[in-house]
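Under the working numbering, the first residue of the sequence shown carries the number 3, and numbering increases by one thereafter. Where a beta carbon is used, it is the ideal one built from N, C-alpha and C, also for glycine. One structure is given below, encoded as structure tokens.
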Amino acid sequence: MIISPAQIKVLKNSNNIGKFLIKPLSPGFGITIGNALRRVLISYLEGYAIYYIMINGIKHEFSYVDGVIENITEIILNLKKIRFKLKSKRVGSNNIPKHYTIFLKTKKEQITAGDLCGSLTYFEVLNPKLLILKKELDTNLNITIGIKKGVGYVPVEKNKYFQKKRGKIPIDTIFSPIINVRFKVETCEVHNSYEYDSLILEILTDGSITPQNAFKKASSILIQHFTLFFNGKNNGKTKETNSLDSKERIQVLYMQKVLNSKLSENVNDLSVRTLNCLKFAKIRTWADLVKFKTSDLLKVRNFGMKSFDELNKKMKKLGLSYGMDLSKYKIKIYNKKQRIINFREKMRQIVKLRNILKLRKMMKKNDTQK
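Structure, rendered in structure tokens:
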């Protein structure tokens, strides 16, 4: 018989340390619930953190600053340890500036996280004594940091996409406000039987959220996911693809794969002549092809009715049609790739044109010398 826990007892709840007892649980449920809560607490709670820095005169993370003992890599490692807390929950995340410029004109030799507080209007630094760098007395620094809201851990490769300005150094980011989560499963007595579990959960946070609130949020996230299966409907809260049934979902995934695949992958089905004609028209994927009108396609150089019929047969097999709606399949990746390909093609044409002009100039010079 599966029983529901009769009590959740708060054994300890300070600003950053919490200890909770959940009992009784059916045999095996202690580890099941403990693992689920631990993973959600560590990976899926929101927080604020630095995701890039910019220092005047510095172009990359392997540089050094005159008058500063630490190199840029060491400064980045120290900045990553700063923990932030939003001063007011009334302020929406969209209204909070993402960039803060800090002028360090102080004559202090040691700069700590607390020295950044004056420039951060909306945030409180939770570890103000954290050492950031050591510098000479007369050295002034101009540091810009980017702070944003996120979940879990984001590697530096993903943060690179946001940094287009030269001099911005992206860093890997730990948004999670949870420092550590431990749980222990013990036996407990129910009706003179010691077969049941009791779960003791310990949560350590950085202070931006209390352990009790973190425990509630993690539980809420799990409940939201399980409610979907229980109700059998999404109530408009989940993503668009979740509203589809399993057959439609499989169809969407299949079409995404087909549309994103290159035409050259089907060499056995399409003739070399057809592929060359399509390549000449900058049509490289099936997604590129279905956007074309049949009238425009027939205008492509050397593309005749034989190639057109050959292509139509293949499209029918794949379930594709000209002018089909691609919004359902969210085809965005190859649009970006196509722009890159077009840009490279234009650059090649420009280089070719420059070479022709240079050659003409040289020929004119030779003619004048003669």
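For this session: With DSSP as the reference, please indicate the residues paired to residue 200 in a beta bridge.
Result: Stepping through the sequence shown from its first residue, residue 200 is reached at position 198. The partner list for residue 200 (beta bridge, DSSP) reads 188.
Exercise. CB-CB under 7 Å to residue 109, same chain, minus the five flanking residues each way: which ones, in chain order?
Worked result: Numbered from 1 along the sequence shown, position 107 holds the residue referred to as residue 109. Correct list, in chain order: 139.
Exercise. Below 8 Å between beta carbons: does that hold for residue 153 and residue 46?
Worked result: Position 151 of the sequence shown, counted from the start, is the residue given in the question as residue 153. Position 44 of the sequence shown, counted from the start, is the residue given in the question as residue 46. Result yes, Cβ atoms of residue 153 and residue 46 sit closer than 8 Å.
For this session: Would you decide whether residue 178 is buried or exposed? Buried here means 16 or more other CB atoms lie within 10 Å of its CB.
Result: If you number the sequence shown from 1, residue 178 lands on position 176. By the 10 Å Cβ count, residue 178 comes out buried.
Exercise. Apart from the five residues on each side of it in sequence, which residues of its chain come closer than 8 Å, Cβ to Cβ, to residue 60?
Worked result: Numbered from its first residue, the sequence shown carries residue 60 at position 58. These residues qualify, in order along the chain: 67, 74, 169, 171.
For this session: Verify whether the separation of the beta carbon atoms of residue 80 and residue 132 is less than 8 Å.
Result: Against the sequence shown, residue 80 aligns to sequence position 78. Against the sequence shown, residue 132 aligns to sequence position 130. Their beta carbons are under 8 Å apart, which means residue 80 touches residue 132 by this criterion.
Exercise. Sorted by chain position, which residues of the same chain lie with C-beta nearer than 7 Å to residue 127's C-beta, five sequence neighbours on each side aside?
Worked result: To locate residue 127, count along the sequence shown from 1; it is residue 125. Taken in chain order, the residues that qualify are 84, 86, 115, 116, 118, 119.
Problem set entry | Three-state secondary structure assigned by DSSP to residue 306 | By 1-based counting over the sequence shown, the position of residue 306 is 304. Reduced to three states, the DSSP call for residue 306 is coil.
Exercise. What is the residue span of the alpha helix (DSSP H) that residue 2 lies within?
Worked result: Outside the modelled stretch of the chain, which goes from 3 to 372, sits residue 2, for which no answer is possible.
Exercise. Hey, is the stretch 347-360 in contact with the stretch 300-309, meaning 3+ C-beta pairs nearer than 8 Å?
Worked result: no
For this session: Taking only the alpha-carbon atoms, compute the straight-line gap between residue 13 and residue 198 and give it to the nearest angstrom.
Result: Taking the first residue of the sequence shown as position 1, residue 13 is located at position 11. Taking the first residue of the sequence shown as position 1, residue 198 is located at position 196. Roughly 20 Å separates the two Cα atoms.
Exercise. Which whole-angstrom value is the C-beta distance of residue 261 and residue 287, which I expect to be below 8 Å?
Worked result: Working through the sequence shown from its first residue, we reach residue 261 at position 259. Working through the sequence shown from its first residue, we reach residue 287 at position 285. Rounded, the Cβ-Cβ distance is 7 Å, consistent with contact.
Problem set entry | residue 257, buried or exposed, once every other Cβ within 10 Å from all chains shown has been counted against 16 | As a working note, residue 257 is residue 255 in the sequence shown. Label assigned to residue 257: buried.
For this session: Would you check if the distance between the CB atom of residue 161 and the CB atom of residue 54 is smaller than 8 Å?
Result: Position 159 of the sequence shown, counting from 1, holds the residue named residue 161. Position 52 of the sequence shown, counting from 1, holds the residue named residue 54. Yes; because the gap between Cβ atoms is below 8 Å, this pair is in contact.
Exercise. Using a Cβ-Cβ cut-off of 6 Å (strictly less than) and excluding sequence neighbours within five positions of residue 18, which residues of its own chain qualify?
Worked result: Counting from 1 along the sequence shown, the entry for residue 18 is found at position 16. Closer than 6 Å at the Cβ level, and outside the excluded window around residue 18, lie 207, 209.
For this session: Could you check the C-alpha separation between residue 318 and residue 275 for me, to the nearest Å?
Result: Counting from one through the sequence shown, the residue named residue 318 turns up at place 316. Counting from one through the sequence shown, the residue named residue 275 turns up at place 273. The alpha-carbon atoms of residue 318 and residue 275 are separated by roughly 20 Å.
Problem set entry | Nearest candidate by alpha-carbon position, reference residue 194, set 367, 26, 370 | Residue 194 sits at position 192 when you count from the first residue of the sequence shown. That would be 26, whose Cα lies nearest to the Cα of residue 194.
For this session: Count the other C-beta atoms from every protein chain shown that fall within 10 angstroms of the C-beta of residue 353, then say buried if there are 16 or more, exposed otherwise.
Result: Position 351 of the sequence shown, counted from the first residue, corresponds to residue 353. Exposed, because fewer than 16 other Cβ atoms sit within 10 Å of the Cβ of residue 353.
For this session: Sort 365, 89, 143 by Cα distance to residue 111 and report the nearest one.
Result: Residue 111 sits at position 109 when you count from the first residue of the sequence shown. Looking at the Cα atoms, 143 is the closest of the given residues.
For this session: Assign residue 252 to buried or exposed, taking buried as 16 or more other Cβ atoms, counted over all protein chains shown, within 10 Å of its Cβ.
Result: In the sequence shown, residue 252 corresponds to position 250, counting from 1. Residue 252 should be labelled exposed.
For this session: Take the Cβ of residue 43 as the centre, count every other Cβ of all protein chains shown within 10 Å, and call the residue buried at 16 or more, exposed below.
Result: Locating residue 43 in the sequence shown gives position 41, where the first residue counts as 1. Answer is buried; the Cβ neighbour count reaches 16.
For this session: Please classify residue 30: is it buried, with 16 or more other beta-carbons within 10 angstroms of its beta-carbon, or exposed?
Result: Against the sequence shown, residue 30 aligns to sequence position 28. Label assigned to residue 30: exposed.
Problem set entry | Close Cβ partners of residue 224 (< 7 Å) along its chain, the five nearest in sequence each way excluded | Walking along the sequence shown from the start, residue 224 turns up at place 222. Closer than 7 Å at Cβ, skipping near neighbours: 38, 42.
Exercise. Can you list, in chain order, the residues of its chain whose CB lies under 7 Å from that of residue 40, leaving out five sequence neighbours each side?
Worked result: Residue mapping note: residue 40 aligns to position 38 of the sequence shown, counting from 1. 183, 185.
Exercise. Where do the ends of the alpha helix (DSSP H) carrying residue 79 lie?
Worked result: The residue you call residue 79 lines up with position 77 of the sequence shown. Per DSSP, residue 79 belongs to the alpha helix (DSSP H) from 74-82.
For this session: For residue 264, name the three-state secondary structure that DSSP assigns.
Result: In the sequence shown, the residue the question calls residue 264 occupies position 262. Correct three-state label for residue 264: strand.
For this session: State the DSSP-derived secondary structure class of residue 195, mapped to helix, strand or coil.
Result: Here residue 195 is taken as the residue at index 193 of the sequence shown, counted from 1. It is a strand residue.
For this session: Might you give, ordered along the chain, the residues of its own chain that have their beta carbon closer than 7 Å to the beta carbon of residue 89, omitting 5 neighbours on each side?
Result: Within the sequence shown, the letter at position 87 stands for residue 89. 124, 125, 126.
Exercise. Shortest alpha-carbon distance to residue 63 belongs to which of 156, 141, 69, 174?
Worked result: The sequence position of residue 63 within the sequence shown is 61, counting from 1. It is 174.
Problem set entry | Simplified DSSP assignment, three categories, for residue 63 | Your numbering for residue 63 matches position 61 in the sequence shown. Coil at residue 63, not helix or strand.
Problem set entry | Residue burial classification, residue 369 (beta-carbon count within 10 angstroms, cutoff 16) | As a first step, residue 369 must be located in the sequence shown, where it is residue number 367. It counts as exposed.
For this session: Could you tell me the boundaries of the beta strand (DSSP E) in which residue 146 lies?
Result: Reading the sequence shown from its first residue, position 144 is the one you call residue 146. Unbroken beta strand (DSSP E) run through residue 146: 143-153.
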